[in-house]
Structures are given as C-alpha cells and as structure tokens.
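Chains as they are written, first to last, in this note's numbering: chain R, 1 to 443; chain C, 1 to 278. All residues carry an ideal CB built from backbone N, CA and C; glycine is no exception.
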C-alpha cells in the first residue's frame, strides 16, 4: 500500500466511520522478515482485511464527454461532466453481513449534486440452503450480453449512453432476494415491493423521438409518466429456477410487474407503465471451446390481450441466440442474434394512430462484441456494436481502457448512434452521439 | 468453525501416524526412481503441483513488476477440492485487492475429458459471467501467470521426453500435441527428484529461445506435503516479473463439493475461505 493510499484510507475512515467506533488497529501492520530473501518485493504487509469485520474501498473519478454534433434541443454540447466519489464498505458479522455501496457526484450537465445509494443491504443464510439479501441492491440474471429478455431489473440508460462505466447500466432497487439451493433445482426470488422503473432517456441529457410531435423532444425532462400506485398488489416479483447439469446451465424465468419504461399511454394521454407478465427460459453452455447461449421470453401485455389497444404496447415473443469464443490470443469475439416478434401485429397497425412509426412485426437485431487485451490486460480495446437490419439503425460502443497502475485507470470511448429514420430504436438518438474520457483514482 | 478446527486436528493426527511409516517408503522409492518412465515422472509432478491432499486453501498474493519497476498487487484466497487425483477438480478464487477486483469471484470446474467450466462473478453488476474455455493461456488478473498456471495444464495435451537425469532433478521436455492454441513451441521442466515439484520451467519459442520462465523460490512442508510458498514467472521479452506468494496453506480441511457451485459466487463461503488465526 502506498503512503498516498494509506492517507486516503485514513481520511475516509476517520471522516466516515469514526462514529461507528472502528478499532484503531484496523490496518494492523505485520512484518514478514522472510520476504527479504526476495529482495524488497514483499516489503508491504499482507492486507489484513479478514482480521477486521469491516472492509472497504472506493474511488474518485472525473469524467467528461460531449456530443460529436449539435442537438438543436440542447445549447450545451456536454453529455458527461462530473466528479464522482464512490465508497463501498462491508461488515461481516457472526450471523448477518451488512454492505454499502454509494456514489455521490457533481453533475455538470444538470448542474446538480447527486447521491445514489447502490447497495444498502443485510445478508444472512438460513435453513442451511437459503441466502437472504434484504435492502437496496442490484440484481441481474439472464444470458444476453447487453440484451435483456428476462432481466427486468432496473437499468440506467442515461448512464449507459453518456459513457459512465458499464457497471452503472444496472440501477438499484429496494428488494428482498431469497435464493434457495436444492439438489433438484435452485430457486431465486426477487421481490420489489414498490415498482422501480428504469432510468430511461427522458430528454434531460438526450432527446428522444415523440410520435405526436413527429420529431425529437428534449432539452429538459419531458417525460412525466403516471406511475403505478404504491400498493402491495403492484409490487414486482421476479422468479428464476435454475440448474447446472454437467456444465450446461438451464433456467426458467417468471416476472410479474410492469413495463420498465413508460411506453404506454393513459386515457388522459400521459405516458405510463402498463402491467406486464413474462415467462422465459435460457440455456448456456460451452461448445467447441466457446460459449453459446439461447434465451426466449414471452412478454404478455396483460392489459391488452387482443393487441388492439393503441395505448398499450403489444405482447411480444423475444428470442436470443449467441456465441462467444477466443478467436486469437487475447482476442475475443461475441455474436448475438436477437428477435422481437410483436403479437397481433395487424391489430396494432389497424389501431395505431401512428402506424408509420411502429417497428416491424419482427424486429431483428444483431450484436457483436470484439475485445482485445494486451498482455497482462494493460490495455483493453473493445467494440460493442448493435445493428438492426429491420430498423436500419445502429449503435457502436468503442472503448479503450488503460490500467496505468492499481490506483490509476483511464478510459476513452464513444457512443455512436446512426439511423436512416428519426423514429427508430437507435436512430432517434443520432444527435446523442458522443465521445468521452474518464480518469479514476481507486483506493 | 469449531468443527473445522476439530477436523483439522484429526487430519494432523492421521498425518503424524502415517508420517512414521514414511522413511521406509522413501527408501524403497529411491531404489525405484531410476526406473521411472517419463510419463510416471510427469504424472507425479502434476499430482504434487496441483493435487496435494484431497483439498486445500491458502491465502495468496501476486506482485506484478514491470520492466520500469512499477508494481501492482493482487490478493486473494484460493480454495481447491479434487474429485479425483489427476482428474477433475474444483477451484474457487476470491479476490480482496485491489479495489476494482474486490469481491470478484472466480469459479472453475476443471475437467480432464472435456473443457473446463469457468465463471467470473462481477459484484458491481451482480453478473455471473461465464468465461469461454479456450482462453487459458491469457493473463490471470493482469499478471504474468496464465489461467493455466493457476489451475494446471492437462499433461495429456503434451508429449514428454526425458532429456536428462541429474543428481537432483529430472529434466523433461514437453511438446504440445496441438500447437494452434499455445504460444510456446515446447517447454522444459526441471523436476525435483525428491519432491517431484517442477522447480524451474522454461518456455521456448519456435527459434529455440527461452522467452518465459517459472522459478520456485521457496518450498515448505505443510502437513508433511512439500508446498510451493513462493514462485515467480518472468516474461523475458517484456522484462515483466510476477511474484506469487502463499500464506497459511492448509490441506484436507474437508470442504464439501457443493461449495464449488454458483452459490459461492454471490455468497463466498467464509467458513472455508478464512484461515485459522494464529
């Protein structure tokens, strides 16, 4: 541990945790004279995290990004301009663990101080085979790479589009997660009592297409949806049954809740989240020294079983097939094919006030991920590309990560949207195309 | 934890008892040594390097030093259980440092007759990431060690040739059967005659030059089992060296097989990962 990190650590410990009566011997040093045989390589003591019940880490990060073109709805070209602090701390108790992950940052794009608690949870095990995690937390499942069929946990598309670390694509929710492990099958249940929506594109950072206007809207938060009432009947329940058989992972999924984005419209013509049930399944395994994944999901529009209500998004079948392999030393290639098949499509078109803006019955999407790591992962080059032949639009995410040291990490990258038409899934964000840079100091 | 202590004590007792009969066995072994075939030597080396005891745990850390002297540190706990000696086995690696890999868990279900199943759990995303089996000779968390150096290379992937028997070592040349997925033309292992631990391994390129080298710096007897405590891998092309050190290793702790499943990704089993505090 360098002196600098130690000072950082103590500053944080003193400032944030003194009130909790943390023992001063937390970072007890231990000499190891045998190490001298090896020169001074091991002059540092072992990090005795396990000797204390508390452990913690964090980082400070500066990020800047801006549009590569102008968006007439925004005077400011900045899409990312922030100084962020992230702190994580864990307490390992005799029976119960406590974990905290939090971010605070100054957002120069919106000129606001922000605080986001990503995790504040208690974990414990019971009955020998069941793990509980209660509190604010991030949940993920499914086999897709940046494509989600059965994972209806909240996502932060604003962070994703503006060049924050990929981790921030997942947003937290206040949930109870219960995972039971049986010989026959593992059962994973996530109950979110109060509906937690995505942090979707709402016009504040990036504009979006609006069919009523027939063009882009934005410049400020222009989506003010009607949210589901906060009652137990409106809670979200996500269930997964899964099992690993000789290295092949099988899973069944169920979800009862709502659209995560306000794609529906109320009778008073306001955007809203409609009820949604999902049933799905996935298989993941290895073949020819690569990995394949297949996933399917049926998204049931509970409030519009006929597909004729223009205010409710129709039911859909979703299908995904993917393959990933190392094609050359340290060069990994991943390919995915994804299909959204809208049910009752004729009904949809017949009743839609804007049939010209509806996606095709079968929306095809191809993705590719190319990752090249230099020796020892010093540089990681990555390109993720979405391309839809039916929408004729694309989204490219090139990035370069440079690990200068254990403390200093650098990232540059871009989010490049392209489309022939203003209303398609990625095409509507053409004016959001941006490039960004991030510098992180971690401790 | 009490039951763990008890079982360790029991194991120590068994070891003490078997230890009494060891000198006789060693004597008869020495007589047979010269008659060992190269396959037997490689099999023993594989066994003592990667299959010591039925299971084991150890603290580990790596110091990665580049040619300019810049250093990086990785600290983790490694837990292993053998299904069968020289056969299938399981690994669980839980990282604690540096902070960007803190809480990351690496799970390997290693198979001899098919590709290994490997997962990486990324806690920030709550993501159980499956890793393809192909990329075994790539950097293990940014170090000069490869994944294959940590979990072992299947001896059946190479043909073996005994080059020389010295007073202290067997010198064995290993040639890959399939050159397409390895970066070496061959490697030469210097295997200690007493312990069967490979003490140095040199990797050669097509031109016959050494470009990569593994050295064992320190071996200790742990519960009667010769155990590598310090080793290093030098990349002679880049001038980079990674030092690996183990601490508080213990064998035959009785870790159950179901510890090596997806449950341990989200909820690493502290009962088995934490060392007994001295």
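Identified DSSP bridge partners for residue i
i	result
residue 55/C	81/C
residue 122/C	127/C
residue 82/R	63/R, 107/R
residue 137/R	173/R
residue 350/R	The partner list for residue 350/R (beta bridge, DSSP) is empty, contrary to what the question assumes.
residue 62/C	74/C, 244/C
residue 179/C	DSSP lists no partner for residue 179/C.
residue 155/R	170/R
residue 212/C	203/C, 235/C
residue 413/R	399/R, 436/R
residue 274/R	Its beta-bridge partners do not exist; DSSP assigns none.
residue 252/C	Residue 252/C is not bridged to any residue.
residue 92/R	97/R
residue 364/R	339/R
residue 122/R	98/R, 134/R
residue 128/R	Residue 128/R pairs with nothing; no bridge assigned.
residue 418/R	394/R
Reduced DSSP secondary structure (H/G/I, E/B, other) of residue i
i	result
residue 221/C	strand
residue 444/R	Residue numbering for chain R in the displayed model covers 1 to 443; residue 444/R lies beyond these limits and cannot be assessed.
residue 50/C	helix
residue 17/C	Unreliable positioning characterises residue 17/C in this predicted model, as indicated by a pLDDT of 45, which lies under 50. The coordinate reading is nonetheless provided below. In this structure, residue 17/C counts as helix in the three-state DSSP scheme.
residue 259/C	helix
residue 375/R	helix
residue 427/R	helix
residue 38/C	helix
residue 266/C	helix
residue 275/C	coil
residue 31/R	Below a pLDDT of 50, predicted positions are generally treated as unreliable, and residue 31/R, at 37, falls in that range; no measurement from the model is reported.
residue 30/C	The predicted position of residue 30/C is uncertain, since its pLDDT is 46 and thus under 50; no value can be drawn from it.
residue 279/R	strand
residue 44/C	helix
residue 443/R	coil
residue 198/C	strand
residue 226/C	strand
residue 405/R	coil
residue 162/R	helix
With 16 other Cβ atoms within 10 Å as the buried cut-off, status of residue i
i	result
residue 411/R	buried
residue 264/C	buried
residue 302/R	exposed
residue 163/C	exposed
residue 197/C	buried
residue 209/R	buried
residue 153/C	buried
residue 154/R	buried
residue 62/C	buried
residue 408/R	exposed
residue 124/C	buried
residue 430/R	buried
residue 45/C	buried
residue 273/C	buried
residue 34/R	Residue confidence is low: residue 34/R scores 38 on pLDDT, short of 50, so the model does not pin down where it sits. No coordinate-derived value is stated.
residue 190/C	buried
residue 233/C	buried
Top-ranked residue by Cα proximity to residue i, from the options
i	options	result
residue 425/R	295/R, 340/R, 327/R, 407/R	340/R
residue 171/C	240/C, 161/C, 130/C	161/C
residue 107/C	214/C, 257/C, 274/C	257/C
residue 149/R	417/R, 441/R, 238/R	238/R
residue 60/C	144/C, 79/C, 195/C	79/C
residue 108/R	204/R, 265/R, 184/R	204/R
residue 241/R	182/R, 69/R, 144/R, 354/R	182/R
residue 211/C	221/C, 191/C, 183/C, 225/C	183/C
residue 252/C	48/C, 81/C, 49/C	81/C
residue 310/R	265/R, 86/R, 202/R, 323/R	265/R
residue 367/R	354/R, 68/R, 346/R, 321/R	321/R
residue 268/C	102/R, 433/R, 124/R, 66/R	124/R
residue 156/C	176/C, 243/C, 262/C, 236/C	176/C
residue 214/C	236/C, 84/C, 249/C	236/C
Note to self: Just to confirm the assignment: which complete alpha helix (DSSP H) runs, minimum length 4, are found wholly within the segment 231-270 of chain R?
What the structure shows: none
Check: Curious, which full-length beta strand (DSSP E) runs of at least 3 residues does the segment 281-347 of chain R contain?
Finding: 290-301, 316-328, 331-342
Check: Taking the runs of the beta strand (DSSP E) that are 3 residues or longer, which of them lie wholly in the segment 141-194 of chain C?
Finding: 158-165, 169-176, 186-192
Note to self: Quick check for students: name the residue ranges of the beta strand (DSSP E) that lie wholly in the segment 85-109 of chain C, counting only runs of 3 or more.
What the structure shows: 89-97
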